[in-house]
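Peer 1:
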Amino acid sequence: MKKNKLFKILNLENKFQTQTIQSYNFLKNDIYLKSKNWIFRKRSFAKGRIYNSKIKWLKGTNFFQNKKNNKYVGGVKRKFEPMNLKLKNNVEKIIKEFIDKKLIDKKIRFFGAHAIRIICNKKNLGYPVPEGYHHDGFDFVSVIAVNRSNISGGKSYLKNATTRRIIFSGNLKNNQALFFNDKKLLHYATPIKLVKGKLGFRDMVVLTFSKN
Ligand SMILES: [Fe+2]
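Everything in the sequence shown is counted per the numbering used here, starting at 1 for the first residue and increasing by one.
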């Protein structure tokens with residue numbers, strides 16, 4: 001991404017396949033949430049390297065954020081369920097699209113990929129970002145909309161970390177990616193609320209990119 005550009009929205013050419021979308025139904029509960037009686041987040045994770053525009057998946061699903069970046073669950077060593085192959089294939093194509101479109105350059109050598117489903121029901125809201133506005137702690141981040149059902153809310157926001165001015169707000173459409181500079185911007189998304197049926201959800205892919 002050009003130095004003066006802080007974010008970009010793009011409609012992905014590599015759309016999520018039906019099997020990938022359906023695989024979100026099998027995501028496992030996030031065991032690190034503070035509310036133990038209302039588990040509103042399900043997730044999986046994988047990480048890898050980018051080398052000469054090629055992607056190599058790495059073993060392991062350990063994940064760590066410091067307390068400064070994540071007031072909610074920072075400082076806790078987390079280990080997530082591994083991401084399935086279908087999703088990994090989709091993620092590879094998306095990262096290649098980002099490279100082709102010059103959003104990430106050769107300096108970016110590592111990435112993390114999270115599949116996240118936030119749920120809500122009649123009694124409870126779902127919180128995409130329980131910690132509020134935050135940095136993920138990488139160079140670039142992309143939040144990508146996969147699917148949503150029976151909900152209102154889940155609106156994405158970007159805020160300039162220096163001026164504290166909101167520079168983007170909007171509901172991402174399916175297969176739309178918001179790509180941004182995680183050093184300079186803070187991100188957030190509003191809670192989701194059930195509008196019909198028994199269960200609502202918001203399915204996303206979050207990609208993180210870093211130099212080291
Ligand atoms: Fe985040």
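Even glycine gets a Cβ: it sits at the ideal position worked out from N, Cα and C.
Since we're looking at a predicted model, the values are computed, not measured.
In terms of DSSP beta bridges, what is residue 204 paired with?
Peer 2: Start at 1 with the first residue of the sequence shown, and residue 204 comes out as number 204. Answer by DSSP bridge pairing, in chain order: 116 and 145.
Peer 1: Out of 154, 112 and 196, which has the shortest C-alpha to C-alpha gap to residue 146?
Peer 2: Taking the sequence shown and counting its residues from 1, the one referred to as residue 146 is at position 146. Considering only alpha carbons, the answer is 154.
Peer 1: I'd like to know whether the C-beta atoms of residue 44 and residue 87 end up nearer to each other than 9 angstroms.
Peer 2: What you label residue 44 is simply residue 44 of the sequence shown in a count that begins at 1. What you label residue 87 is simply residue 87 of the sequence shown in a count that begins at 1. Their beta carbons are under 9 angstroms apart, which means residue 44 touches residue 87 by this criterion.
Peer 1: Do you know whose CA, among 186, 51 and 113, lies nearest residue 204's CA?
Peer 2: Within the sequence shown, the letter at position 204 stands for residue 204. Considering only alpha carbons, the answer is 113.
Peer 1: Over the uninterrupted alpha helix (DSSP H) stretch that includes residue 96, give me the two end residues.
Peer 2: Mapped onto the sequence shown, residue 96 falls at position 96. That run of the alpha helix (DSSP H) goes 85-100.
Peer 1: Measuring only from the beta carbon, is residue 136 closer than 8 angstroms to any heavy atom that is part of ligand 1?
Peer 2: For this step, residue 136 is matched to residue 136 along the sequence shown. Yes.
Peer 1: Curious, which full-length alpha helix (DSSP H) runs of at least 4 residues does the region 5-38 contain?
Peer 2: 18-23
Peer 1: Check the C-beta distance from residue 78 over to residue 98 and give it rounded, since I have them as a contact under 8 angstroms.
Peer 2: In the sequence shown, counting from the first residue as 1, residue 78 sits at position 78. In the sequence shown, counting from the first residue as 1, residue 98 sits at position 98. About 25 angstroms separates the beta carbons of residue 78 and residue 98, which is beyond the 8 angstroms limit, so they are not a contact pair.
Peer 1: Span of the beta strand (DSSP E) holding residue 164?
Peer 2: Looking up residue 164 in the sequence shown gives position 164. No beta strand (DSSP E) holds residue 164; DSSP gives it neither H nor E.
Peer 1: Take residue 175 as the anchor and find which of 162, 124, 94 and 156 has the nearest alpha-carbon.
Peer 2: For this step, residue 175 is matched to residue 175 along the sequence shown. Nearest of 162, 124, 94 and 156 to residue 175, Cα basis: 94.
Peer 1: Measuring CB to CB, does residue 120 end up less than 9 angstroms from residue 26?
Peer 2: As a first step, residue 120 is located in the sequence shown; it is residue number 120 there, counting from the start. As a first step, residue 26 is located in the sequence shown; it is residue number 26 there, counting from the start. For residue 120 and residue 26, no; Cβs fall outside 9 angstroms.
Peer 1: Measuring straight from C-alpha to C-alpha, what distance separates residue 127 and residue 23?
Peer 2: Within the sequence shown, numbered from 1, the residue matching residue 127 stands at position 127. Within the sequence shown, numbered from 1, the residue matching residue 23 stands at position 23. Cα atoms of residue 127 and residue 23: separation of roughly 21 angstroms, rounded to the nearest angstrom.
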